[in-house]
Amino acid sequence: MVVRNERTGMLFVLVTPIIEGLFPIFAVMASDSFPPIFFVAFAVLIAFFGFGAYFILSGSYRVHIPFKVFLYSAIVASIVLSGFVLIMIGSKSTTGINTALLLKTEMVFAFLLSAFLLKEDLHIVQMIGALLVLLGAVAVLFNGSISLNIGDVIILSAGFLFPVANIFAKKALQMASSTTVLFLRYSFGVCIFIPLSFLLEDPISVIASMDANNYLLLFSYGILVLTISKICWYIGLRILPIGIVTYVASSASAFSLVFAYFLLKEVPSSYQFIGFILSLVGVYLIVRKPPVPCPPADLV
Numbered sequence: 009m010v011v012r013n014e015r016t017g018m019l020f021v022l023v024t025p026i027i028e029g030l031f032p033i034f035a036v037m038a039s040d041s042f043p044p045i046f047f048v049a050f051a052v053l054i055a056f057f058g059f060g061a062y063f064i065l066s067g068s069y070r071v072h073i074p075f076k077v078f079l080y081s082a083i084v085a086s087i088v089l090s091g092f093v094l095i096m097i098g099s100k101s102t103t104g105i106n107t108a109l110l111l112k113t114e115m116v117f118a119f120l121l122s123a124f125l126l127k128e129d130l131h132i133v134q135m136i137g138a139l140l141v142l143l144g145a146v147a148v149l150f151n152g153s154i155s156l157n158i159g160d161v162i163i164l165s166a167g168f169l170f171p172v173a174n175i176f177a178k179k180a181l182q183m184a185s186s187t188t189v190l191f192l193r194y195s196f197g198v199c200i201f202i203p204l205s206f207l208l209e210d211p212i213s214v215i216a217s218m219d220a221n222n223y224l225l226l227f228s229y230g231i232l233v234l235t236i237s238k239i240c241w242y243i244g245l246r247i248l249p250i251g252i253v254t255y256v257a258s259s260a261s262a263f264s265l266v267f268a269y270f271l272l273k274e275v276p277s278s279y280q281f282i283g284f285i286l287s288l289v290g291v292y293l294i295v296r297k298p299p300v301p302c303p304p305a306d307l308v
């Protein structure tokens, strides 16, 4: 029974990086057709209804939710969705491959925040992993030249926002289930970003000009990336160790390279490929468990 549960958990976890691998591709495709806030806001609206059904069917609505969970979820929604908007803006000026690989630096920012802000223990292996991810990002950023792309810099800034949001998400998860926190995140996202889109953009004109491909892209992102991948992630997380889940999920960039080739006709350069390998090894070193020191021998 345990083996079967682990296989089920691994199956759900494997779905996550495949779907998440589409995220940078969707961002590049959407950046040519949608205003950034509009796309994020209305994709979150779709996810709100999709995940809302899961929230109700799972019975999570029956549990009392403390006020602080609402507060932390609102903060998380503001930060995470702002990061998504930045990715949309940055993707317009860079490639899908760069978007996928540069988002790996989120692991480095998370590691640094945990070490220096949250005062968690530093391990030499994790420090080496963080350095490798940074070297991978440098290889992707410069890609054989000494000039920086503004789109790449914007995406890097988005990667910094996500670990900050995770600090507040962790506080919320100490008082409520992951299903509740994610549902509240989407609820606040709708309340914040749809009015923001109406304030800064012209969503009525955008909706009027949308064709079938635009609707397909918007619903694919809202249902696949924001709903199904998150449900699969949390189901796997309940069954498997977090280290395994995190590392399997980190393989999303590998799928992004495949999707970028077939959907965007992008072929990774040698620098991008080197950056991918360095980042993959670095992420593995960051998330792996540090070796447990052997106890000292008994004195005779």
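So that you can map any letter, position 273 of the sequence shown is 281 in the numbering used here, and since no number is skipped, the others follow by simple counting.
All residues carry an ideal CB built from backbone N, CA and C; glycine is no exception.
Alpha carbon to alpha carbon, how far is residue j from residue i? Give it in angstroms, no decimals.
i	j	result
residue 258	residue 110	12 Å
residue 290	residue 212	45 Å
residue 35	residue 243	26 Å
residue 186	residue 87	17 Å
residue 123	residue 28	27 Å
residue 195	residue 262	31 Å
residue 222	residue 41	7 Å
residue 23	residue 248	14 Å
residue 233	residue 132	34 Å
residue 226	residue 177	26 Å
residue 113	residue 70	38 Å
residue 15	residue 141	30 Å
residue 253	residue 17	9 Å
residue 76	residue 270	45 Å
residue 100	residue 149	15 Å
residue 287	residue 31	18 Å
residue 284	residue 96	21 Å
residue 199	residue 153	43 Å
What are the boundary residues of the alpha helix (DSSP H) that includes residue i?
i	result
residue 37	31 to 39
residue 42	Run containing residue 42: none; DSSP gives neither H nor E here.
residue 147	132 to 150
For residue i, which three-state DSSP category applies?
i	result
residue 274	coil
residue 112	coil
residue 157	coil
residue 70	helix
residue 18	helix
residue 209	coil
residue 102	coil
residue 184	coil
residue 218	coil
residue 249	coil
residue 228	helix
residue 193	helix
residue 237	helix
residue 258	coil
residue 302	Only weak support exists for where residue 302 lies, its pLDDT of 45 falling under 50; the value from the coordinates is given anyway. Coil.
residue 179	helix
Should residue i and residue j be called a contact, given that it needs their Cβ atoms to be closer than 8 Å?
i	j	result
residue 78	residue 192	yes
residue 94	residue 52	no
residue 83	residue 204	no
residue 163	residue 103	no
residue 92	residue 48	yes
residue 60	residue 160	no
residue 240	residue 63	no
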